[in-house]
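A.B. asks:
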Amino acid sequence: RGLGDVYKRQQLDKPEQQVLTAEAFSKKFVSTEDGKEFVSKKALDDVFKNDTSLLLQRMSEIEYSEVAQIRKDKLNEFIINELKDVTILQQDLECAGKVCAIELTYMQSSNQASIDTLSSFSKNYSFQQFTETESGDKKLKALYIATDNPSGLSLSDS
200 RGLGDVYKRQ
210 QLDKPEQQVL
220 TAEAFSKKFV
230 STEDGKEFVS
240 KKALDDVFKN
250 DTSLLLQRMS
260 EIEYSEVAQI
270 RKDKLNEFII
280 NELKDVTILQ
290 QDLECAGKVC
300 AIELTYMQSS
310 NQASIDTLSS
320 FSKNYSFQQF
330 TETESGDKKL
340 KALYIATDNP
350 SGLSLSDS
């Protein structure tokens with residue numbers, strides 16, 4: 200028996216990871232209590248402290264939902280139509296349930312005012328972090344959570 204056999208056996212021993220429903224994923228970020236929405240501070244902290252590519256990968260594995268697909272299409276359309284004066288170097292985005300995440304690297308000379316309109320592709324709670332890359336370009340890491348009332352944001356510690 201070679202190492203390959205041992206590896207295959209270990210893979211077989213691992214239980215299949217459950218595919219998370221879009222609703223269950225959304226609930227990790229936003230919960231409703233007495234008709235009021237609360238966004239999880241812990242979930243937000245996890246997003247902004249960790250590598251975005253891991254979150255995007257996890258989101259791509261969430262069960263398909265029409266809501267997420269429509270939001271993803273709207274966000275892509277908005278980027279194409281509204282960010283004409285932004286030189287995008289790299290763009291990764293994914294939507295799952297009510298949540299859209301994006302990481303956008305763009306040239307420093309791009310119009311920041313255009314970037315600032317990105318959250319308006321839909322009604323959202325918007326959380327953004329701007330950093331600079333080693334080469335001097337700018338990077339936006341953002342999370343957009345669908346809501347009917349963006350002004351009614353409340354954070355929960357859980």
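Reading the sequence shown from the start, the letters are residues 200 to 357 in the working numbering. Ideal Cβ positions, reconstructed from N, Cα and C, are used throughout, including at glycine. Remember, it's a predicted structure, so these values are computed and weren't measured experimentally.
Alpha carbon to alpha carbon, how far is residue 332 from residue 319?
C.D. replies: 25 angstroms
A.B. asks: Would you check if the distance between the CB atom of residue 237 and the CB atom of residue 229 is smaller than 8 angstroms?
C.D. replies: yes
A.B. asks: Does DSSP put residue 227 in a helix, in a strand, or in coil?
C.D. replies: Helix, per DSSP.
A.B. asks: Tell me whether residue 324 is buried or exposed, calling it buried when 16 or more other Cβ atoms sit within 10 Å of its Cβ.
C.D. replies: buried
A.B. asks: Checking 8 angstroms against the spacing of the C-beta atoms, do residue 145 and residue 239 come in under that value?
C.D. replies: Outside the shown range of the chain (200 to 357) lies residue 145, about which nothing can therefore be said.
A.B. asks: Across which residues does DSSP place residue 238 in a beta bridge pair?
C.D. replies: Beta-bridge pairing links residue 238 to 229 and 354.
A.B. asks: So, at 7 angstroms on beta carbons, what are the nonlocal neighbours of residue 326 in its own chain, with the 5 sequence-adjacent residues on each side left out?
C.D. replies: 243, 341 and 342
A.B. asks: Considering only DSSP beta bridges, list what residue 340 is partnered with.
C.D. replies: 302 and 328
A.B. asks: On the criterion of 16 or more Cβ atoms from any shown chain inside 10 Å, does residue 293 qualify as buried, or is it exposed?
C.D. replies: buried
A.B. asks: Verify whether the separation of the beta carbon atoms of residue 221 and residue 260 is less than 8 angstroms.
C.D. replies: Not in contact: residue 221 and residue 260 (Cβ atoms no closer than 8 angstroms).
A.B. asks: Kindly list the residues whose CB is nearer than 8 angstroms to the CB of residue 224, restricted to its own chain and excluding five residues on each side of it in sequence; keep chain order.
C.D. replies: If the five residues before and after residue 224 are omitted, its C-beta is found closer than 8 angstroms to the C-beta atoms of 258, 261, 295, 296 and 298, all from its own chain and listed in chain order.
A.B. asks: Can you list, in chain order, the stretches of the beta strand (DSSP E) that have 3 or more residues and sit fully within the region 254-316?
C.D. replies: Those beta strand (DSSP E) runs which fall completely within the region 254-316 and span 3+ residues are 287-295 and 298-305.
A.B. asks: Does the region 300-316 come within contact of the region 249-258, defined as at least 3 CB pairs closer than 8 angstroms?
C.D. replies: yes
A.B. asks: Suppose the cutoff is 8 angstroms on Cβ atoms and the five residues either side in sequence are ignored; what does the same chain contact list for residue 273 look like?
C.D. replies: 320 and 321
A.B. asks: Please name the residue, chosen from 268, 235 and 312, that lies closest to residue 350 on a Cα-to-Cα basis.
C.D. replies: 235
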